[in-house]
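A.B. asks: Take a look at this one; I'll ask things after.
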Amino acid sequence: HGGIGEDGTLQSLLEAEGVPYTGPGVMASKTCMDKVATSLALNHLADLGVLTINKDVRRKEDLLKTPIVDIWHELTSKLQCKTLCVKPARDGCSTGVARLCCAEDLTVYVKALEECLLRIPPNSFSRAHGMIEMPNPPPEILIFEPFVETDEILFSSQSTNKNADRLMWKGNSRWVEITVGVIGKRGSMHSLMPSVTVKESGDILSLEEKFQGGTGINLTPPPASIMRKKQRDKAIELFLIIIIQNTVIGRNK
Numbered sequence: 026h027g028g029i030g031e032d033g034t035l036q037s038l039l040e041a042e043g044v045p046y047t048g049p050g051v052m053a054s055k056t057c058m059d060k061v062a063t064s065l066a067l068n069h070l071a072d073l074g075v076l077t078i079n080k081d082v083r084r085k086e087d088l089l090k091t092p093i094v095d096i097w098h099e100l101t102s103k104l105q106c107k108t109l110c111v112k113p114a115r116d117g118c119s120t121g122v123a124r125l126c127c128a129e130d131l132t133v134y135v136k137a138l139e140e141c142l143l144r145i146p147p148n149s150f151s152r153a154h155g156m157i158e159m160p161n162p163p164p165e166i167l168i169f170e171p172f173v174e175t176d177e178i179l180f181s182s183q184s185t186n187k188n189a190d191r192l193m194w195k196g197n198s199r200w201v202e203i204t205v206g207v208i209g210k211r212g213s214m215h216s217l218m219p220s221v222t223v224k225e226s227g228d229i230l231s232l233e234e235k236f237q238g239g240t241g242i243n244l245t246p247p248p249a250s251i252m253r254k255k256q257r258d259k260a261i262e263l264f265l266i267i268i269i270q271n272t273v274i275g276r277n278k
């Protein structure tokens with residue numbers, strides 16, 4: 026999982042030895058592991074309503090030698106946002122992904138890169154967050170994007186009625202983050218039912234919440250109070266468009 030298991034390296038070795046495997050092929054894996062390449066591969070879907078967010082790509086060495094205040098001003102001005110999302114250009118599973126709300130947050134992140142920290146402790150930034158696992162070795166290229174804030178979906182433990190709806194939707198953006206799986210052979214793909222994840226804290230799902238028995242809870246399908254059937258069907262349609270239109274970059278095994 027991750028690393029050579031996702032970036033096409035292992036897939037290439039298996040194909041060379043004639044060993045069957047599941048999941049995307051070499052080129053699809055290599056493309057999807059590179060967030061910039063993934064965005065470029067999806068650009069042609071804009072007319073179908075599938076958009077990718079603006080981004081700014083920076084080298085780690087440039088971050089280390091340029092005044093942080095200047096970098097912060099450049100990024101927020103170019104991306105026209107108040108808060109940023111930073112992530113390694115080639116990694117996955119929330120590794121190294123953080124929300125930055127001010128120049129001081131960027132200072133903390135860059136220092137973690139410089140000191141090759143394996144993780145950033147909880148609440149190191151100005152806004153509360155959990156443990157942030159960092160790539161090892163540190164990434165050479167980082168991506169900065171406007172942070173798209175979604176509403177929190179929480180479980181309430183204060184209800185006295187055990188039959189009451191304990192799901193709470195906090196926030197006013199009316200955006201929620203969902204996951205849609207797609208399965209099948211080329212030409213006969215099918216989208217699975219969407220899932221919405223209830224996280225414990227912070228703005229970004231942690232590695233533990235995703236894969237290591239953390240407190241993240243997946244609700245499949247999302248309750249009607251969160252996503253109406255029309256919205257759910259549209260999400261399924263769009264995810265299927267993304268996969269079908271991009272199967273040329275790799276092949277499923």
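Residues 26 to 278 (this note's numbering) are what the sequence shown spells out, left to right. All C-beta atoms, glycine included, are put in the ideal place defined by N, C-alpha and C.
I'd like to check one pair, Asp32 with Lys55: are the Cβ atoms closer than 8 Å?
C.D. replies: The count along the sequence shown starts at 1 and reaches residue 55 at position 30. The count along the sequence shown starts at 1 and reaches residue 32 at position 7. Contact: yes.
A.B. asks: Would you call the region 119 to 133 and the region 141 to 160 touching, i.e. three or more CB-CB distances under 8 Å?
C.D. replies: These segments touch.
A.B. asks: Does the distance from the C-beta atom of Val205 to that of Ala249 stay below 8 Å?
C.D. replies: Residue numbering aside, residue 205 sits at position 180 when the sequence shown is read from its first letter. Residue numbering aside, residue 249 sits at position 224 when the sequence shown is read from its first letter. No, the pair does not count as a contact, with Cβ atoms beyond the cut-off.
A.B. asks: Tell me which same chain residues have a C-beta within less than 7 Å of the C-beta of Glu40, skipping the five on either side of it?
C.D. replies: Start at 1 with the first residue of the sequence shown, and residue 40 comes out as number 15. Val51, listed in sequence order.
A.B. asks: State the CB to CB distance for the pair Trp200 and Thr175, rounded to an integer number of angstroms; the pair is presumed to be in contact (CB under 8 Å).
C.D. replies: Position 175 of the sequence shown holds residue 200. Position 150 of the sequence shown holds residue 175. Their Cβ separation, rounded to whole angstroms, is 4 Å, which keeps Trp200 and Thr175 in contact under 8 Å.
A.B. asks: Identify, in the order they occur along the chain, each residue of the same chain with its Cβ nearer than 7 Å to the Cβ of Glu177, setting aside the five sequence neighbours on each side.
C.D. replies: The residue labelled residue 177 in the question sits at position 152 within the sequence shown. Excluding sequence neighbours, Glu177 sits near Lys195 and Gly196.
A.B. asks: Is the beta carbon of Leu104 closer than 8 Å to that of Pro171?
C.D. replies: By one-based count along the sequence shown, residue 171 stands at place 146. By one-based count along the sequence shown, residue 104 stands at place 79. Result yes, Cβ atoms of Pro171 and Leu104 sit closer than 8 Å.
A.B. asks: Along the chain, which unbroken stretches of the beta strand (DSSP E) at least 3 residues long are found entirely within the region 104 to 149?
C.D. replies: Qualifying beta strand (DSSP E) stretches, in chain order: 109 to 113 and 123 to 125.
A.B. asks: What did DSSP end up calling His98 once you bin it into helix, strand or coil?
C.D. replies: Numbered from 1 along the sequence shown, position 73 holds the residue referred to as residue 98. In this structure, His98 counts as helix in the three-state DSSP scheme.
A.B. asks: State yes or no: is the C-beta of Ala114 within less than 8 Å of the C-beta of Val82?
C.D. replies: Here the question's residue 114 lines up with position 89 in the sequence shown. Here the question's residue 82 lines up with position 57 in the sequence shown. Yes, the Cβ-Cβ distance between Ala114 and Val82 is below 8 Å.
A.B. asks: Does DSSP classify Arg211 as helix, strand or coil?
C.D. replies: Within the sequence shown, the letter at position 186 stands for residue 211. Coil, per DSSP.
A.B. asks: Restricting to Cα atoms, I'd like to know which of Gly155, Val135, Ile145 and Cys141 is closest to Ile168.
C.D. replies: Stepping through the sequence shown from its first residue, residue 168 is reached at position 143. Nearest of Gly155, Val135, Ile145 and Cys141 to Ile168, Cα basis: Val135.
A.B. asks: Using 8 Å for Cβ pairs, my map puts Lys85 next to Leu138. What's the rounded Cβ distance?
C.D. replies: Here residue 85 refers to the residue found at position 60 when the sequence shown is read from its first residue. Here residue 138 refers to the residue found at position 113 when the sequence shown is read from its first residue. Correct: roughly 6 Å between the Cβ atoms.
A.B. asks: Measuring CA to CA, which of Met156, Leu142 and Val94 is closest to Cys126?
C.D. replies: Your numbering for residue 126 matches position 101 in the sequence shown. Ranking Met156, Leu142 and Val94 by Cα distance to Cys126 puts Val94 first.
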